[in-house]
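Notes follow the structure.
Protein chains: 2
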Amino acid sequence: MQQTARMGNNRTKHAESPLSELLRAPRGSVDLRAIDTNDAPGYPGDGKEDADEQRESLEPELDDLQERLYAQGKVNPETAPRLLLILQGLDTSGKGGAIRHAVGMVDPQGIKLTAFKAPTEEERAHHFLWRIERALPGVGMIGVFDRSHYEDVLIGRVENLAPPDVIERRYDEINAFEAGLVEQGYVLVKCLLHISADEQKARLQERLDKPDKHWKYNPGDLGTRAKWDAYLDAFNVALERCNPDSAPWYVIPADKKWYRDWAVTELLREKLAALRLEWPKAEFDVEEEKRRLAET
Amino acid sequence: MQQTARMGNNRTKHAESPLSELLRAPRGSVDLRAIDTNDAPGYPGDGKEDADEQRESLEPELDDLQERLYAQGKVNPETAPRLLLILQGLDTSGKGGAIRHAVGMVDPQGIKLTAFKAPTEEERAHHFLWRIERALPGVGMIGVFDRSHYEDVLIGRVENLAPPDVIERRYDEINAFEAGLVEQGYVLVKCLLHISADEQKARLQERLDKPDKHWKYNPGDLGTRAKWDAYLDAFNVALERCNPDSAPWYVIPADKKWYRDWAVTELLREKLAALRLEWPKAEFDVEEEKRRLAET
């Protein structure tokens, strides 16, 4: 990302440090309890009141970058990169909201979105990465994972869905898998949407209070909530074990919905911009085609 | 659709007749050459200058309707409806543009988008509807087809990709297939983006003139363009043969990009509104859940 420390009152200026530096999960030991869920690192505006404006100000550049990526995928299917946005977070942390407001800014033709639920019988009969492989985006595409293979070391660990040595092995398997993706030209953007227990309670309360949100409420969510500490521990381990510079985690404070949506959008923009993609060169004779067209 | 013939200067008023009536392909014999590609039927605003505003004014209702559909899909997976938007049109008619600007207004979580290209070897080894079946949206979803099974009676017919009797049979197969979908609760919205040969020429010219559009240009497009009349004839037959009231075609004048995008958005809104979807009722005891949550 180009760092722009502009003077004056430019309301769409970028943060002085790239957001990917500000939000990078700590290398080595991770303690999510020490990371403020209510913060807004790098946000260039005033707050909630200008958040839509800030996010929308990223749209023209994001559009341009996404179209370059897509164009590269069409013209250079062997070498074009692809981006994979992975969203993890506890219930109500806003994975859906981020998809709606950040991913929703991008041309749907360039998006391949997969929501991973509890594995089906067929999926359980395969290696845990089987269903992940099948959902990977093609060249030129932005893949979006609403939950991911990390579930297999999160709920898998907390609920003892596999023996400890199997869970243990998965961290290495994930690292090897992701390293292979990076080598194939995938840019991985792994985002943990980090909320507080109090904020989750308020959001669950809202789902109960508003009849048009009842469908989002699942009584089972309280069972997961009761294991809050075990989940935080599992996140800490996953972020510690699977956080190389080639496939880093970002911890996005997510108590503020407007910040969460802006931050995911800005991370996408920054990661795409870092690819420095050109428009593909024509593989035909432009002047000859102009002559052919003129004759029609 | 609720017809609102509001008084005064309401800039977001709906057309006096539903757009689905204004754009409905004629029953019986169809002559696309007699339908103006440059018209803007039912457009409630002034023209290009307020087109973004008009289209965006539909967003809150469209959002609400799409979320109701999605919620119904989650809570009532046996009975919830689904919508399938089919986009057809000659090269440069703006299928991609309509997806970007109309479909792009909808939460990506509620969209299942498929672009049908020349069939793969595996697809050719199956019945022509095989790949279509596999791309159908689940309950609560909005499916979007960029091209569709109609290719098999369009390019299939013009390029003689199958014997005449096979092509002939396909119209009946399509009607039977679509009737089955409707019975399963699919709402079909079949849109032909209707452009003129002159407008296509201008758009191809633009792709040649602008280096950032070269990737969209395919020298083969001129071969298709040379068969303009044969394609119009094939469209006429398809619209005549596969146009029952339960699965109607809409002919969208598409020389004006801003009208095309508004019209597809408004058709989506109208079709979703006609479902009169309620928010699903809670399948749990709301007061009990409030008590349980309060204890956490």
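Note that the protein sequences, when read in sequence, are chains Z and U.
Under our numbering, residue 296 is the last one in the first sequence; the count climbs by one each step, no gaps.
Under our numbering, residue 1296 is the last one in the second sequence; the count climbs by one each step, no gaps.
Glycine residues also receive a C-beta, built at the ideal position from the N, C-alpha and C atoms.
At a cut-off of 8 Å between beta carbons, Q1205/U contacts chain Z. Pairing L1032/U with V1251/U gives a Cβ-Cβ distance under 8 Å. Under the 8 Å criterion on CB atoms, K227/Z is classed as non-interfacial with respect to chain U. Contact of R1100/U with chain Z by beta-carbon distance below 8 Å involves D107, P108, Q109. For R82/Z, there is no enclosing alpha helix (DSSP H); the enclosing beta strand (DSSP E) covers residues 82 to 89. The alpha-carbon separation between E151/Z and R68/Z amounts to approximately 32 Å. Of all alpha-carbon atoms in S57/Z, R269/Z, N175/Z, K74/Z, the one lying nearest the alpha-carbon of W279/Z is that of K74/Z. Looking only at I167/Z, E240/Z, E295/Z, the smallest Cα-Cα distance to R1225/U is reached by E295/Z. The three-state reading of DSSP puts L23/Z in coil, since its state is none of H, G, I, E or B. Setting aside the 5 residues that flank it on each side, Y1043/U is surrounded in the same chain by Y1259, W1262, each with a C-beta closer than 7 Å to its C-beta; the list follows chain order. Sequence-distant Cβ neighbours of K213/Z in its own chain, meaning closer than 6 Å and more than five residues away, are R207. For G156/Z, there is no enclosing beta strand (DSSP E); the residue is part of the alpha helix (DSSP H) that begins and ends at 155 to 158. Under the 8 Å criterion on CB atoms, E289/Z is classed as interfacial with respect to chain U. L1275/U has a beta carbon lying at 8 Å or more from every beta carbon in chain Z. Shortest Cα-Cα distance from V187/Z to any of E16/Z, F116/Z, V103/Z, R82/Z involves R82/Z.
Residues of chain Z with a Cβ closer than 7 Å to the Cβ of P1077/U do not exist; the shortest Cβ-Cβ separation is about 12 Å. The alpha-carbon separation between H149/Z and L1181/U amounts to approximately 34 Å. G1097/U is not a Cβ neighbour of L1192/U, given a cutoff of 8 Å.
In this structure the segment 1139 to 1146 of chain U touches the segment 1108 to 1115 of chain U; the number of beta carbon pairs closer than 8 Å is three or more. Interface annotation for the segment 1114 to 1127 of chain U against chain Z: A1115, criterion Cβ-Cβ distance under 9 Å. Judged by DSSP in its simplified three-state form, T1114/U adopts strand. Annotation for R1024/U: P1248, Y1250 place their beta carbon closer than 7 Å to its own, counting only its chain and skipping 5 residues before and after. Counting the other Cβ atoms within 10 Å of the Cβ of K216/Z gives 16 or more, which makes it buried. Apart from sequence neighbours up to five positions away, the residues of its chain that approach A230/Z with a beta-carbon distance below 6 Å are V158, ordered along the chain. With respect to the C-alpha of C1242/U, the residue from P1060/U, F1177/U, L1293/U having the closest C-alpha is F1177/U.
Cβ atoms of T1265/U and R1134/U stay farther apart than 8 Å, at about 27 Å. Excluding the 5 residues flanking it on each side, H1101/U has same chain C-beta neighbours closer than 6 Å at D1261, in chain order. Assigned with DSSP and collapsed to three states, V106/Z falls in coil, not helix or strand.
Inside the segment 191 to 274 of chain Z, DSSP marks whole alpha helix (DSSP H) runs of 4 or more residues at positions 197 to 209, 220 to 225, 228 to 241, 257 to 273, from first to last along the chain.
Annotation: A125/Z to I167/Z spans about 16 Å, alpha carbon to alpha carbon.
Apart from the 5 residues on each side of it in sequence, N1175/U sits with its Cβ closer than 6 Å to the Cβ of C1242 in its chain, given in chain order. When D1285/U, A1234/U, A1071/U, R1203/U are compared, the shortest CA-CA separation from V1030/U is found for A1234/U. In this structure, the alpha-carbon of E1199/U lies about 20 Å from that of E288/Z.
Taking all protein chains in view, the Cβ of E1053/U is surrounded by fewer than 16 other Cβ atoms within 10 Å, so the residue is classified as exposed. The beta-bridge partner set that DSSP reports for L1188/U consists of L1084/U.
For F1145/U, the secondary structure class from DSSP, reduced to helix, strand or coil, is strand.
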